[in-house]
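I have placed the structure first, in the form of structure tokens, so that the comments after it can refer back to it.
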Amino acid sequence: MPTNLTGEARKKWSEATRARNPKEKLELLQEFHSLIPKHKGTEKLRAQIKTKMASLRRELEEEKRRKPSVRASKFFIEKEGAAQIVILGQTKVGRSSLLAAITNAKIEASNYPFATREPVPGMFQFQDLQFQIVEAPALVRGTAEGKGGGQQILALARNADSLVLMVDLSKDPNKQLSLILNELEIARVLIKKPKAKVEIERKHMGVGLRIFIIGRLVKDTLKDVEALLKSYGISNAIVKIYGNATLDDVEDSIFESVVYRPAIIVANKSDFEEAQENLRKLKEFIGKRLTVVPVSCKTGFGIEELGPQLFRCLEIVRVYTKEPNSKDPSAAPFVLKRGSTIADLAKNIHSDFYERFSFARVWAERLPYSPRKVGLSFVLEDKDVVEMRVR
């Protein structure tokens with residue numbers, strides 16, 4: 026977390042955020058970077074600022090060439106299905122083979138490295154859901170700093186709903202996974218659910234600072250948060266603090282939005298002789314942090330486990346709706362985050378259902394009797410059937 030920044034450094038950051046000209050912004054960021062004290066607490070911040078500067082340099086070079094970046098537009102994949110899941114990994118671990126094995130994507134695995142230059146999407150059927158699986162180009166050391174189209178690759182990860190971290194069991198999987206995790210950490214993509222989340226939405230003059238604490242502040246006070254934000258030139262914003270947050274979490278959100286993306290590890294080439302020993306080392310290395318799914322894209326071993334594991338990882342539930350007096354529920358479910366309520370479902374159907382809500386009936390095996398009459402705060406679970414009634 027960024028700590029011990031001087032007033033001069035904070036002032037320089039404020040100037041950099043207000044700058045609209047890329048050249049001016051780059052110069053101000055360079056000055057800001059030189060003012061950051063070098064210690065363990067600012068390692069991530071210094072890496073983030075280096076990444077921003079590298080991105081601005083590329084933007085300025087492209088402007089000089091006066092050629093629009095066609096490559097960047099090809100890297101954006103519009104979401105389809107219940108969720109978008111991006112496959113990340115080094116070259117030759119089997120990303121293309123996995124995509125071909127589980128989706129309708131027309132792709133052939135290549136024998137030469139770095140064959141995938143642009144993201145390739147495909148649709149994966151799991152029970153009555155479809156997940157969009159996207160193969161990203163290979164990660165390399167330095168991806169987070171822009172090497173090998175790194176900014177676009179990691180933008181895919183930030184935009185996804187979940188990640189598949191893919192390793193090759195015929196080689197050292199711990200080394201491969203460490204590289205992936207390191208690049209994600211530098212890019213501020215978390216695979217472990219954070220204890221706190223801070224959202225800062227900057228507004229125009231006159232709004233002031235409106236701070237909503239949904240969780241709680243650990244050790245610090247509301248006045249501390251206000252003072253910190255104002256020291257960075259943020260005096261008009263809506264700030265939402267979730268979970269158990271510290272002042273460091275608030276400060277971190279000023280520089281770079283941290284995103285959480287749930288992930289699983291897919292360990293390919295489980296049919297190789299060295300695979301079992303390497304799998305043991307991988308599970309020992311990762312512990313309980315992530316689920317490891319051993320597969321062989323060549324033989325098909327373990328592929329059937331991917332659907333259930335991805336569903337659990339995404340933390341979603343399927344809710345089926347039923348018209349009043351209708352015998353059968355809808356064939357297609359609404360997909361909601363785990364912990365969602367009747368209120369969330371009503372808003373997803375239409376705002377009228379929420380505003381004019383009267384009551385709902387729920388059919389579920391876990392209930393002692395069905396249907397059960399419930400209100401907006403009722404928490405839904407997977408495969409619940411709901412009948413909405415409005416005024």
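Offset between the sequence shown (1-based) and my numbering: plus 25. Where is the CB? At the ideal position from N, CA and C, for every residue including glycine. All figures in this text were calculated on a predicted structure; none of them were measured in a lab.
- The C-beta distance from L339 to P287 rounds to 7 Å, short enough to fall under 8 Å.
- Remark: C-beta atoms of Y267 and I225 do not approach each other more closely than 8 Å.
- About 19 Å separates the Cβ atoms of L60 and A79, ruling out a contact at the 8 Å cut-off.
- Taken in chain order, the whole beta strand (DSSP E) runs of length 3 or more contained in the segment 181-225 are 187-193.
- A residue is called buried when at least 16 other Cβ atoms come within 10 angstroms of its Cβ; V232 does not meet this threshold and is exposed.
- Excluding residues up to 5 positions away in sequence, K37 lie with their Cβ nearer than 7 Å to the Cβ of E56 in the same chain.
- If only complete runs of 4 or more residues are kept, the segment 356-399 shows the alpha helix (DSSP H) at 367-374 and 376-380, in order along the chain.
- If only uninterrupted alpha helix (DSSP H) runs of at least 4 residues are considered, those enclosed by the segment 252-333 are 272-280 and 300-311.
- Inter-segment contact for the segment 329-349 and the segment 308-321 is present: three or more beta-carbon pairs are separated by less than 8 Å.
- By the CB criterion at 8 Å, K352 and V410 fall outside the cutoff.
- Counting along the chain, no alpha helix (DSSP H) covers L113; the unbroken beta strand (DSSP E) around it starts and ends at A108 to G114.
- For T76 and G171, the gap between their C-alpha atoms comes out near 7 Å.
- In the DSSP assignment, R35 falls within the alpha helix (DSSP H) that extends over G32 to R43.
- Between the C-alpha atoms of V111 and S256 there is a straight-line separation of about 38 Å.
- If you draw a 10 Å sphere on the C-beta of F139, you find fewer than 16 other C-beta atoms in it, and that means exposed.
- Spatial neighbours of K362 in its own chain (CB-CB distance under 7 Å, excluding positions within 5 residues in sequence) are listed in chain order as E340 and I341.
- Collapsing the DSSP output to three states places Q152 in coil.
- A contact is defined here as three or more CB-CB pairs under 8 Å, and the segment 180-192 meets this definition with respect to the segment 149-166.
- For K313, the closest C-alpha among the options E299, I290, G325 and P62 is that of I290.
- With distances taken between CA atoms, L81 lies nearest to R45 out of R45, D245, V250 and E251.
- Around the beta carbon of R43, fewer than 16 other beta carbons lie within 10 angstroms, which makes this residue exposed.
- Boundaries cannot be given for F139, as no beta strand (DSSP E) includes it and DSSP labels it neither H nor E.
- With contact defined as three or more Cβ pairs closer than 8 Å, the segment 294-302 and the segment 187-203 are in contact.
- In terms of Cα proximity to M230, the closest of A262, K220 and S122 is A262.
- For the 8 Å CB-CB criterion, R381 and V360 do not form a contact.
- Per DSSP, E348 is not a residue of any alpha helix (DSSP H), being assigned neither H nor E.
- Only residues of its own chain outside the window of five on either side were considered, and among them F384 and R386 have a CB closer than 7 Å to the CB of K398, listed in chain order.
- The DSSP-derived three-state label of D409 is strand.
- DSSP, read as helix, strand or coil, puts R414 in strand.
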